[in-house]
Amino acid sequence: MHTSWVERLTDLAIIGFLWAFRIAVVLVVVVGSLLTIASGKYDLDTWVSLLWRGLTLGTVYSLLALGYTMVYGILRLINFAHGDIFMAGAFGGYFVATGLAAIGFLNLNPLTSLLSVLMMMAGAVIVSVSLALLVERIAYRPLRYAPRLVPLISAIGASFVLEYAFRGFFGPGTYVYPPVDILNGSVPIEFMRIKWVDLLIIVSAVGMMGGLFWYVQRTKMGTAIRAVSEDKAAAALMGIDVNRAIVTTFAIGAAMAGAAGVLWGLYFHQVYFFTGFIPGIKAFTAAVLGGIGNIPGALIGGLFLGGVESVGPTLFLDGLNVPSPNQLKDVIAFTLLVLVLVFRPSGILGERISGQRA
Amino acid sequence: MMTGTSIPWRGTLRTGLIGAVVTVFLSLVGIVDVFDARPLIAGAISLGQTALVLALLGIGYMAARSVEASRVQVVLAAAGAGLIAGGALTLLILLGAVIDIRAVFLHASPKLYGTLTLGLGLGGSWIPAALGAAIAIVGGLGSRLPVAARRPLTTALVALLLTGLFAGILRGAMLTTSLADLARLLFAPLGLTLLGAVVVVVVVAGGRELLTYTRLRDRVRALPPLRRRLVTWPAWAVVALVVLVLPQTLGSFVALVIATVALYVLMGLGLNITLGLAGLLDLGFVAFFAVGAYTVGLLTSTSEFGIADWPFWAAIPFAVIFAMLFGAILGLPILSIRGDYLAIATLGFGEIVRLLAGSDLLKAFLGGPQGIIHIPKPIEAPAGDFLYGPNQIYYIALVCAALIGFVAWRLRGSRLGRAWLSIREDEDVAEALGVNLVQTKLLAYMLGAAFAGLGGGIFSALIGSIFASSIQLFVSINVVAIVVVGGMGSIPGAVLGAVFLIGVPELFREFSEYRYLLYGFALIAMMLYRPQGIMPAKFAEREVHLDTTALTGGPVMGRPRSP
Chain A
16 MHTSWVERLT DLAIIGFLWA FRIAVVLVVV VGSLLTIASG KYDLDTWVSL
66 LWRGLTLGTV YSLLALGYTM VYGILRLINF AHGDIFMAGA FGGYFVATGL
116 AAIGFLNLNP LTSLLSVLMM MAGAVIVSVS LALLVERIAY RPLRYAPRLV
166 PLISAIGASF VLEYAFRGFF GPGTYVYPPV DILNGSVPIE FMRIKWVDLL
216 IIVSAVGMMG GLFWYVQRTK MGTAIRAVSE DKAAAALMGI DVNRAIVTTF
266 AIGAAMAGAA GVLWGLYFHQ VYFFTGFIPG IKAFTAAVLG GIGNIPGALI
316 GGLFLGGVES VGPTLFLDGL NVPSPNQLKD VIAFTLLVLV LVFRPSGILG
366 ERISGQRA
Chain B
4 MMTGTSIPWR GTLRTGLIGA VVTVFLSLVG IVDVFDARPL IAGAISLGQT
54 ALVLALLGIG YMAARSVEAS RVQVVLAAAG AGLIAGGALT LLILLGAVID
104 IRAVFLHASP KLYGTLTLGL GLGGSWIPAA LGAAIAIVGG LGSRLPVAAR
154 RPLTTALVAL LLTGLFAGIL RGAMLTTSLA DLARLLFAPL GLTLLGAVVV
204 VVVVAGGREL LTYTRLRDRV RALPPLRRRL VTWPAWAVVA LVVLVLPQTL
254 GSFVALVIAT VALYVLMGLG LNITLGLAGL LDLGFVAFFA VGAYTVGLLT
304 STSEFGIADW PFWAAIPFAV IFAMLFGAIL GLPILSIRGD YLAIATLGFG
354 EIVRLLAGSD LLKAFLGGPQ GIIHIPKPIE APAGDFLYGP NQIYYIALVC
404 AALIGFVAWR LRGSRLGRAW LSIREDEDVA EALGVNLVQT KLLAYMLGAA
454 FAGLGGGIFS ALIGSIFASS IQLFVSINVV AIVVVGGMGS IPGAVLGAVF
504 LIGVPELFRE FSEYRYLLYG FALIAMMLYR PQGIMPAKFA EREVHLDTTA
554 LTGGPVMGRP RSP
């Protein structure tokens with residue numbers, strides 16, 4: 016097909032449109048921020064607490080994003096069911112917590128509370144990992160060499176099965192996490208109000224991510240995982256058990272998701288069968304934002320997304336007189352997703368994934 | 004057995020454990036006790052029990068397939084697997100007597116235990132295990148029947164299920180005619196009567212045998228083209244007639260359901276172009292649906308949000324055009340990105356539109372959660388008229404669906420259609436052959452969007468209002484499921500997919516919470532066993548090289564990525 020002037024014109028229109036799109040987004044962000052700051056409606060404390068909230072949320076997104084990023088790195092599959100694995104973990108943690116609350120262990124003293132949280136995480140991890148392995152075995156493994164759309168649709172199916180199986184098991188209602196008293200107290204420091212639960216989330220998330228980084232970089236299995244995500248065939252030729260590496264990847268991702276589910280439950284105090292959907296998409300956004308396949312990228316992407324989502328509505332939209340800007344926090348997150356996919360699909364830290372390799 | 008006896012037993016144990024997971028899952032997820040309210044054969048078996056029976060039959064069949072040996076071994080293997088699968092339910096009942104499982108699993112109630120033990124309670128806890136073994140043996144022996152016997156039996160079983168499911172509707176339709184007495188004989192108010200079940204099995208199995216015996220299909224195929232038309236055209240005419248009079252005979256509730264089905268056929272055909280032909284997985288279909296629905300709502304509504312007070316017919320072209328423009332605006336930035344990223348980006352768009360529609364930001368225009376009400380019907384028809392209420396929507400949707408089907412059919416063979424197919428197969432090769440990727444994709448995307456907008460516009464007229472809560476991710480998922488299950492790129496597939504995925508669940512509103520569970524399983528199963536769909540398009544079979552025959556155990560599709 017020779018390039019006719021119609022095609023050239025359309026190409027120009029596309030490029031022009033993309034630029035207009037960029038400029039519009041930048042304008043909204045800059046003008047909105049300037050107007051909001053100029054209005055002086057919010058003092059420094061508000062901004063700091065919003066940012067802190069974003070940081071806390073962001074670390075949870077990061078934990079979830081790790082699962083997406085590792086599975087995508089190794090299989091080039093968007094594990095659509097990952098958000099629901101997270102939800103399953105939150106449910107697992109909930110039932111452990113209610114059990115412990117019933118026998119009075121949960122709030123006996125700070126030590127037992129801490130132990131309880133650990134037990135909740137253990138329960139959540141068991142639930143999440145077993146479900147993720149089941150999903151991998153049934154819905155993904157037979158499709159490993161299928162065209163890409165096929166496992167993606169299968170993953171969407173798996174996501175629905177998990178959501179509605181949980182709805183069947185536990186009903187459509189919302190389950191309220193039993194309160195852990197010490198976590199709701201404030202950390203005794205002067206300049207800002209930090210709850211213990213925030214600290215718990217950040218410390219445990221960062222700890223887990225550090226552990227993961229060590230595991231992937233330093234252990235034999237971690238090396239195998241990295242090798243498999245580089246080139247499955249070559250890794251197999253080097254004597255690596257590809258299947259085991261893939262299953263381990265799923266298990267690690269699910270363990271992180273399960274723990275994240277408990278942290279989410281401790282922070283928002285509630286869980287229902289659809290809890291995993293929105294955080295799942297956002298964590299995927301975070302993974303793409305940081306550069307999919309890139310482990311430190313997931314951390315950075317999660318923090319960035321958490322920050323933008325928390326600060327964004329007030330900062331960008333309030334000054335533009337948008338009514339109830341907090342309704343639109345998910346719009347901001349999803350717009351960010353589209354923006355990243357369009358303008359920098361390789362993410363902040365990622366190398367460019369060409370169509371060929373992917 | 005050459006390899007000794009340990010292998011088949013391991014297979015039996017494995018199958019049995021899978022069966023145990025399945026039966027316990029069916030029980031705890033609530034399918035057994037919720038569906039127990041609806042009989043398949045009145046007084047004999049409920050739908051919940053049917054689900055368990057089918058699972059156990061399948062387990063017996065699988066266990067029997069894992070041993071290639073004498074009939075005794077088949078029976079033993081099937082019985083063993085069935086015993087494990089049913090025994091798991093026995094264990095569940097016993098466990099439930101000791102500890103309160105219900106504190107975690109809502110459905111582990113005395114009602115469930117009653118259903119499982121046929122009403123005997125704890126004393127009958129052995130029943131699931133015994134019945135499990137017995138049913139599995141039947142399934143196992145079924146696998147050893149000659150094909151000539153198995154085929155009519157399976158057909159009859161499927162027919163029994165379908166007529167049992169639709170008994171209420173069939174009965175209602177027949178009661179209004181001179182067949183009322185027959186209807187009372189065959190159908191209970193819910194489900195079949197025992198006599199009806201026997202009649203269905205005999206008629207269907209016999210009919211199937213007759214078809215096989217007379218080789219009717221082969222004979223018709225062997226006719227010269229002109230004579231063949233003489234046979235096939237009247238058959239199609241009968242189908243067309245049934246489709247046309249369907250809403251007139253079945254009462255207003257069913258009319259609403261089939262109008263919805265027709266609407267989804269329309270949208271399925273639209274997405275068929277985007278996903279089936281061009282291979283673009285669009286999870287944000289609902290965005291264009293929303294544009295169409297709100298356009299019609301704004302232009303025609305007589306409420307405060309209506310801005311023009313136009314008739315439906317003037318508004319609907321604008322709905323299509325706006326949806327198409329919106330498709331272009333959304334499509335332009337994202338169409339240069341790769342397939343699976345595209346799916347997520349469109350999902351993001353769908354969510355953005357949903358959130359915006361319900362937000363305070365646009366409340367002054369779109370009504371927020373309260374939505375736009377008082378959207379008039381396209382045609383003023385008094386009650387009782389054959390165009391009254393949902394019926395007219397049904398016909399409108401049918402005409403539009405036929406139109407879209409025609410467009411899709413003609414486009415498929417065109418230069419553009421072939422360009423779409425080539426993009427679906429391999430973008431890089433297509434580009435190397437001179438296909439302009441962005442423009443070709445954009446056209447597919449815009450056409451899909453246009454049809455989604457049409458569907459949305461008709462939807463708002465059907466319901467008479469449009470709320471932000473109608474703009475759901477599930478609209479997109481429904482349409483994707485229709486196309487995938489029916490067969491990507493296949494027109495009859497989209498019709499079949501809509502009937503099964505939209506029509507059947509709508510008729511079973513009381514079980515609607517299990518709808519998406521079944522969707523999920525359907526999507527996975529289709530991808531595993533039949534990625535080309537129930538009714539694959541002929542061109543897809545020819546042109547998409549899905550090597551589903553490579554292995555007997557599971558399908559392997561496409562080629563391994565490694566050389």
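Just so you know, the sequences run in chain order A and B.
Under our numbering, the first residue of the first sequence is numbered 16, with each subsequent residue one higher.
Under our numbering, the first residue of the second sequence is numbered 4, with each subsequent residue one higher.
Using N, Cα and C, we set each Cβ at its ideal position, and we do this for glycine too.
Predicted, not measured: the structure shown is a model, and the values here were computed from it.
Quickly, what does DSSP pair residue i with across the bridge? List them, please.
i, result
"Lys-210 (chain A)", "A:Ser-201"
"Ser-49 (chain B)", "B:Pro-42"
"Phe-190 (chain B)", "B:Leu-195"
"Gln-285 (chain A)", "A:Val-191"
"Ile-537 (chain B)", "According to DSSP, which records beta bridges pairwise, Ile-537 (chain B) is partnered with nothing at all."
"Ile-375 (chain B)", "B:Ile-469"
With 16 as the cutoff for other CB atoms within 10 Å, does residue i come out buried or exposed?
i, result
"Leu-554 (chain B)", "Confidence at Leu-554 (chain B) is low in this model, with a pLDDT of 33, below 50, so the placement of that residue should be treated as unreliable; the coordinate-derived value is given next. It is exposed - the Cβ of Leu-554 (chain B) has fewer than 16 other Cβ atoms within 10 Å."
"Pro-187 (chain A)", "exposed"
"Ala-151 (chain B)", "exposed"
"Ala-204 (chain A)", "Before going on, a small fix: residue 204 (chain A) reads as Ile here, not Ala. By the 10 Å Cβ count, Ile-204 (chain A) comes out exposed."
"Phe-358 (chain A)", "exposed"
"Thr-552 (chain B)", "With a pLDDT of 36 at Thr-552 (chain B), under the threshold of 50, the modelled position of that residue is not reliable, and the figure given next carries that caveat. It counts as exposed."
"Ala-302 (chain A)", "buried"
"Glu-383 (chain B)", "exposed"
"Ala-452 (chain B)", "buried"
"Phe-206 (chain A)", "exposed"
"Glu-178 (chain A)", "buried"
"Glu-34 (chain A)", "It is worth fixing the name first, because residue 34 (chain A) is Trp in this sequence and not Glu. Looking at its Cβ environment, which holds fewer than 16 other Cβ atoms inside 10 Å, Trp-34 (chain A) is exposed."
"Asn-199 (chain A)", "exposed"
"Trp-279 (chain A)", "buried"
Check whether the Cβ atoms of residue i and residue j sit closer than 9 Å, and answer yes or no.
i, j, result
"Val-203 (chain B)", "Ala-238 (chain B)", "no"
"Gly-506 (chain B)", "Val-242 (chain B)", "no"
"Pro-320 (chain B)", "Pro-379 (chain B)", "no"
"Leu-32 (chain A)", "Val-107 (chain B)", "Before going further, note that residue 32 (chain A) is Phe rather than Leu in the sequence given. Going by C-beta atoms, Phe-32 (chain A) is not nearer than 9 Å to Val-107 (chain B)."
"Ala-242 (chain A)", "Ala-260 (chain A)", "yes"
"Thr-329 (chain A)", "Pro-340 (chain A)", "yes"
"Pro-534 (chain B)", "Ser-493 (chain B)", "no"
"Gly-142 (chain B)", "Ile-62 (chain B)", "yes"
"Ala-276 (chain B)", "Ala-411 (chain B)", "Inspection of the sequence shows that residue 276 (chain B) is occupied by Ile rather than by Ala. In this structure, Ala-411 (chain B) lies closer than 9 Å to Ile-276 (chain B) by Cβ."
"Val-289 (chain B)", "Leu-504 (chain B)", "no"
"Leu-50 (chain B)", "Phe-38 (chain B)", "yes"
"Gly-98 (chain A)", "Ala-348 (chain A)", "no"
"Ala-45 (chain B)", "Leu-193 (chain B)", "yes"
"Met-102 (chain A)", "Phe-181 (chain A)", "yes"
"Tyr-87 (chain A)", "Ile-315 (chain A)", "no"
What distance in whole Å lies between the Cβ atoms of residue j and residue i, which are believed to be in contact at a cut-off of 8 Å?
i, j, result
"Ala-272 (chain A)", "Gly-104 (chain A)", "6 Å"
"Val-176 (chain A)", "Leu-520 (chain B)", "6 Å"
"Leu-281 (chain A)", "Val-195 (chain A)", "7 Å"
"Ala-274 (chain A)", "Leu-70 (chain A)", "Not quite, the Cβ-Cβ distance comes to about 18 Å (not below 8 Å), so this is no contact."
"Ala-139 (chain B)", "Ala-200 (chain B)", "Contact flag wrong, Cβ pair sits at about 22 Å."
"Asn-481 (chain B)", "Tyr-267 (chain B)", "6 Å"
When you check each C-beta in the stretch 104-115 of chain A against every C-beta of chain B, which residues fall closer than 7 Å?
Close to chain B, meaning a Cβ-Cβ distance shorter than 7 Å, are the following residues of the stretch 104-115 of chain A: Phe-110.
Name, going along the chain, the residues of the stretch 15-44 of chain B whose beta-carbon falls closer than 8 Å to a beta-carbon of chain A.
If the cut-off is 8 Å between Cβ atoms, the stretch 15-44 of chain B has Phe-28, Leu-31, Val-32, Gly-33 and Ile-34 near chain A.
Closer than 8 Å, Cβ to any Cβ of chain A: which residues of the stretch 265-277 of chain B, in chain order?
Going along the stretch 265-277 of chain B in chain order, one finds no residue with a Cβ nearer than 8 Å to chain A.
Taking only beta carbons into account, state which residues of the stretch 477-490 of chain B come closer than 7 Å to chain A, listed in chain order.
Val-487
Residues within the stretch 91-117 of chain B neighbouring chain A, beta-carbon criterion of under 9 Å
Ala-106, Val-107, Phe-108, Leu-109 and His-110
Quick one: which residues of the stretch 418-448 of chain B get their C-beta closer than 8 Å to a C-beta of chain A? List them in chain order.
Glu-430, Asp-431, Gly-437, Val-438, Asn-439, Val-441 and Gln-442
Residues of the stretch 337-362 of chain A with a CB closer than 7 Å to any CB of chain B: list them in chain order, please.
Val-337, Pro-338, Ser-339, Gln-342, Leu-343, Asp-345, Val-346, Phe-349, Thr-350, Leu-352, Val-353, Leu-356, Val-357 and Pro-360
What residues in the stretch 179-190 of chain A have a beta carbon less than 8 Å from any beta carbon of chain B?
Tyr-179, Ala-180, Arg-182, Gly-183, Phe-184, Phe-185, Gly-186 and Pro-187
In the stretch 151-162 of chain A, which residues sit with their C-beta less than 8 Å from some C-beta in chain B, listed in chain order?
Using a CB distance below 8 Å, the part of the stretch 151-162 of chain A facing chain B consists of Ile-153, Ala-154, Pro-157, Leu-158, Tyr-160, Ala-161 and Pro-162, ordered along the chain.
Chain-ordered residues of the stretch 303-319 of chain A with a beta carbon less than 7 Å from chain B
none
Can you give me, in chain order, the residues of the stretch 362-387 of chain B that have a beta carbon less than 8 Å from any beta carbon in chain A?
Ser-362, Asp-363, Leu-364 and Lys-366
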